[in-house]
Every structure is written in structure tokens, then in C-alpha cells.
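The number in the numbering used here is simply the position in the sequence shown, starting from 1, with 37 added. Glycine included, every Cβ here is placed at the ideal spot set by N, Cα and C.
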Amino acid sequence: MERWRYPRFFTENIAEDTAVITGEDVRHITSVLRMRAGDIAVLCDGRGTDFLAELISSEGSCCEFRILEKSANLAEPNIRVRLFQAMPKSDKMDFIVQKAVECGVCEVIPIITKRCVSRPDEKALAKKLPRWRKIAYEAAKQCGRGLIPTVGETVEFSKMKTLISSENTGIMFYECSETPLKDAVTEFKKNVDIVIGSEGGFEPSEAEELQKLGFACVSLGKRILRCETAPVAALSILMNVTGNM
38 MERWRYPRFF TENIAEDTAV ITGEDVRHIT SVLRMRAGDI AVLCDGRGTD
88 FLAELISSEG SCCEFRILEK SANLAEPNIR VRLFQAMPKS DKMDFIVQKA
138 VECGVCEVIP IITKRCVSRP DEKALAKKLP RWRKIAYEAA KQCGRGLIPT
188 VGETVEFSKM KTLISSENTG IMFYECSETP LKDAVTEFKK NVDIVIGSEG
238 GFEPSEAEEL QKLGFACVSL GKRILRCETA PVAALSILMN VTGNM
């Protein structure tokens with residue numbers, strides 16, 4: 038069967054022969070898609086396994102499915118990429134989260150750098166974070182991911198170093214660099230951290246600090262990309278050179 042034809046949902050409630058979906062997806066199944074008994078969907082356990090399933094019932098607050106077959110999810114890249122994205126203005130982070138998930142990122146961590154114009158307070162961030170996580174979830178369903186990428190708490194650039202490891206491949210896409218990715222990084226480790234700036238880019242001191250931590254400073258080409266375009270371009274290039282497109 039062509040699995041891409043069927044709606045896709047994540048659930049941990051999967052047994053050997055049956056699966057149950059609860060929460061907001063129930064409304065989507067019953068009221069938006071208007072699925073009926075006998076309709077087919079693809080369910081994913083969030084750990085890389087897909088299940089082709091037939092809807093049995095959709096009564097009350099849950100939907101029950103019969104498992105028809107299972108297989109490994111083929112959409113996940115063989116590298117785990119974290120995107121450290123400097124906070125952009127307006128609602129651009131919504132777009133960045135959505136497209137980063139589609140491009141294969143496993144986690145997005147917003148950061149505050151010296152040139153960030155947008156500096157939301159804790160109250161504002163408390164409202165934004167659930168929305169970003171919902172966007173990541175919906176994007177993962179839409180593009181066939183085998184896991185749900187996460188969106189982490191926003192951190193200051195100075196505290197970012199507590200989250201990174203020398204065991205990861207570190208890449209900073211920097212507007213002042215002239216070195217392409219293929220020349221700067223010849224071998225990739227399993228875990229990759231990439232850093233991308235906001236509208237104003239990075240201070241030279243920030244680039245220097247990341248280089249001291251082992252990050253390669255890499256160019257995205259001769260044109261200056263918008264901050265919401267840069268992560269899409271960076272992730273596309275990265276996935277291509279690692280054979281994950």
C-alpha cells in the first residue's frame with residue numbers, strides 16, 4: 038500500500054494487534070477527516086516504527102485501530118541534528134520550527150544572542166513554547182517523521198555552551214565565513230549541532246567563542262539569506278551532504 042496516501046498520527050498506546058488514539062487527534066479523526074470504521078491510517082510509536090492500521094471505532098474520547106502490519110520508518114535521517122536558532126522578530130520562529138522539522142531536525146533550541154531584536158520575557162515565552170511544540174508535532178505528522186522533534190526552552194547564548202558537547206559535530210553558519218560546509222567539515226558524527234543567527238547575524242566575539250568550543254564556521258553562499266530562510270538552506274545542504282535527502 039502507498040502509505041503516503043493515508044493520514045498519520047503518533048501514539049504510544051500500541052499493543053500487538055490494536056492501538057488507541059486519544060486527545061486532540063480524536064477530533065481531527067472524527068470531525069475534520071470524518072474517518073469511519075474500515076478507514077486506514079498510519080500510526081507511529083514515536084520511536085521509529087510505523088503501523089498500518091484500520092479504524093475499528095471512534096466513540097467517546099478515543100479512537101481504536103486494528104494493526105494490519107508494521108515496518109521501520111524510513112523518513113528519519115541517520116544523523117541527529119539540533120538547531121540552535123537565534124530568536125527572530127515577529128512570528129518567524131513558527132515558520133522556522135515547521136520547516137526545520139520537515140528538513141529533518143530532531144530538536145530546536147531558541148537562543149538569545151547580542152544582536153537579537155526580539156527578546157521576549159518569561160511570560161511571553163511561556164505562551165510561545167506550547168505553540169512551537171504543537172507546530173513541531175503537526176509538521177512531524179505531515180511529513181512522515183518517525184519521531185516528534187522537540188522544541189527546548191529559550192536560553193541565553195552565554196549559557197548555550199552548557200548544552201553542547203565536544204563529542205558532537207558543531208557547525209555555525211556565519212555570514213562572515215567564506216568556507217563551504219564540504220570543506221569545513223569532512224566527517225560527521227552521529228550528533229550534529231548547528232547554530233544560526235537572527236536578523237542581525239552574530240557578533241564576531243560570539244563566532245570566536247563557538248570556534249574555541251570546536252565549532253566550524255561555515256558559509257551559506259554569496260547571498261545574504263533571511264534568518265527564516267537560512268535554517269532551511271543549512272539543513273537542506275547538511276542532509277544532502279550526509280546522504281539524508
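> When DSSP builds the beta bridges, which residues end up paired with residue 107?
Replying inline: Sequence index remark: in the sequence shown, residue 107 carries index 70 (1-based). DSSP output for residue 107 lists 88 as bridge partner(s).
>> Determine whether the beta carbon atoms of residue 234 and residue 210 lie at a separation below 9 angstroms.
In response: By 1-based counting over the sequence shown, the position of residue 234 is 197. By 1-based counting over the sequence shown, the position of residue 210 is 173. Against a cut-off of 9 angstroms, the Cβ pair of residue 210 and residue 234 comes out as a contact.
> residue 86 to residue 280, Cα distance in whole Å?
Replying inline: Taking the first residue of the sequence shown as position 1, residue 86 is located at position 49. Taking the first residue of the sequence shown as position 1, residue 280 is located at position 243. Going by the C-alpha atoms only, they are around 21 angstroms apart.
> With a CB to CB cut of under 7 angstroms and the five nearest residues on each side skipped, what residues in its chain are close to residue 274?
Replying inline: As a position in the sequence shown, residue 274 is number 237, starting the count at 1. These residues qualify, in order along the chain: 218.
> Among all the DSSP beta bridges, which residues are the ones paired with residue 235?
Replying inline: For this step, residue 235 is matched to residue 198 along the sequence shown. The partner list for residue 235 (beta bridge, DSSP) reads 238.
>> Assuming residue 149 and residue 191 are in contact, meaning their beta carbons sit under 8 angstroms apart, how far apart are those beta carbons, in whole angstroms?
In response: Residue numbering aside, residue 149 sits at position 112 when the sequence shown is read from its first letter. Residue numbering aside, residue 191 sits at position 154 when the sequence shown is read from its first letter. The pair is a contact, with the Cβ atoms about 7 angstroms apart (cut-off 8 angstroms).
>> Tell me the DSSP secondary structure of residue 222 in three-state form.
In response: If you number the sequence shown from 1, residue 222 lands on position 185. Looking at residue 222 - three-state DSSP - the assignment turns out to be coil, as it is neither helix nor strand.
> Do residue 268 and residue 179 have their C-beta atoms within less than 9 angstroms of each other?
Replying inline: On the sequence shown, residue 268 is found 231 positions in, with the first residue counted as 1. On the sequence shown, residue 179 is found 142 positions in, with the first residue counted as 1. Not a contact, by the Cβ cut-off of 9 angstroms.
>> Between which residues of its own chain and residue 207 is the CB-CB distance below 6 angstroms, once the five residues before and five after are set aside?
In response: Translated into positions along the sequence shown, residue 207 becomes position 170. Only 230, 251 and 252 meet the Cβ criterion.
> Any contact of the stretch 221 to 228 with the stretch 116 to 134, i.e. 3+ C-beta pairs under 8 angstroms?
Replying inline: When C-beta atoms of the stretch 221 to 228 are compared with those of the stretch 116 to 134, three or more pairs fall below 8 angstroms, so the two segments count as touching.
> To the nearest angstrom, how far is it from the Cα of residue 202 to the Cα of residue 247?
Replying inline: Numbered from its first residue, the sequence shown carries residue 202 at position 165. Numbered from its first residue, the sequence shown carries residue 247 at position 210. Those two C-alpha atoms are separated by around 12 angstroms.
>> Given this structure, state the Cα-to-Cα distance separating residue 42 from residue 146, to the nearest angstrom.
In response: Your numbering for residue 42 matches position 5 in the sequence shown. Your numbering for residue 146 matches position 109 in the sequence shown. Distance between the alpha carbons of residue 42 and residue 146: 32 angstroms.
> Should residue 157 and residue 165 be called a contact, given that it needs their Cβ atoms to be closer than 9 angstroms?
Replying inline: Translated into positions along the sequence shown, residue 157 becomes position 120. Translated into positions along the sequence shown, residue 165 becomes position 128. In this structure, residue 165 lies closer than 9 angstroms to residue 157 by Cβ.
> What does residue 94 pair with, by DSSP beta-bridge criteria?
Replying inline: The count along the sequence shown starts at 1 and reaches residue 94 at position 57. Beta-bridge pairing by DSSP links residue 94 to 101.
> For residue 283, is the classification buried or exposed, using 16 other Cβ atoms within 10 angstroms of its Cβ as the cut-off for buried?
Replying inline: Nothing about residue 283 can be reported from this structure: the residues present for the chain run from 38 to 282 only.
>> Using only CA atoms, which one of 99, 48, 50 and 55 lies nearest to residue 72?
In response: The count along the sequence shown starts at 1 and reaches residue 72 at position 35. The shortest Cα separation from residue 72 among 99, 48, 50 and 55 belongs to 99.
>> Helix, strand or coil, according to DSSP, for residue 230 in the structure here?
In response: Walking along the sequence shown from the start, residue 230 turns up at place 193. When secondary structure is reduced to three states using DSSP, residue 230 falls in the strand class.
> What are the boundary residues of the alpha helix (DSSP H) that residue 194 is part of?
Replying inline: For the purposes of this step, residue 194 is identified with residue 157 of the sequence shown, where counting begins at 1. It spans 194 to 197 - the alpha helix (DSSP H) in which residue 194 sits, taken as one unbroken run.
> Based on Cα-Cα distance, which residue from 167, 173, 105 and 106 lies nearest to residue 135?
Replying inline: The count along the sequence shown starts at 1 and reaches residue 135 at position 98. The residue with the shortest Cα to Cα distance from residue 135 is 173.
> Opposite residue 125 in the DSSP bridges: which residues?
Replying inline: Working through the sequence shown from its first residue, we reach residue 125 at position 88. Residue 125 is not bridged to any residue.
>> Give me, in chain order, the residues of the same chain whose beta-carbon lies closer than 6 angstroms to that of residue 169; leave out the 5 immediate sequence neighbours on both sides.
In response: Stepping through the sequence shown from its first residue, residue 169 is reached at position 132. 134 and 188, listed in sequence order.
> Taking the beta strand (DSSP E) that residue 81 falls in, what are its first and last residues?
Replying inline: Mapped onto the sequence shown, residue 81 falls at position 44. Here the beta strand (DSSP E) through residue 81 covers 77 to 81.
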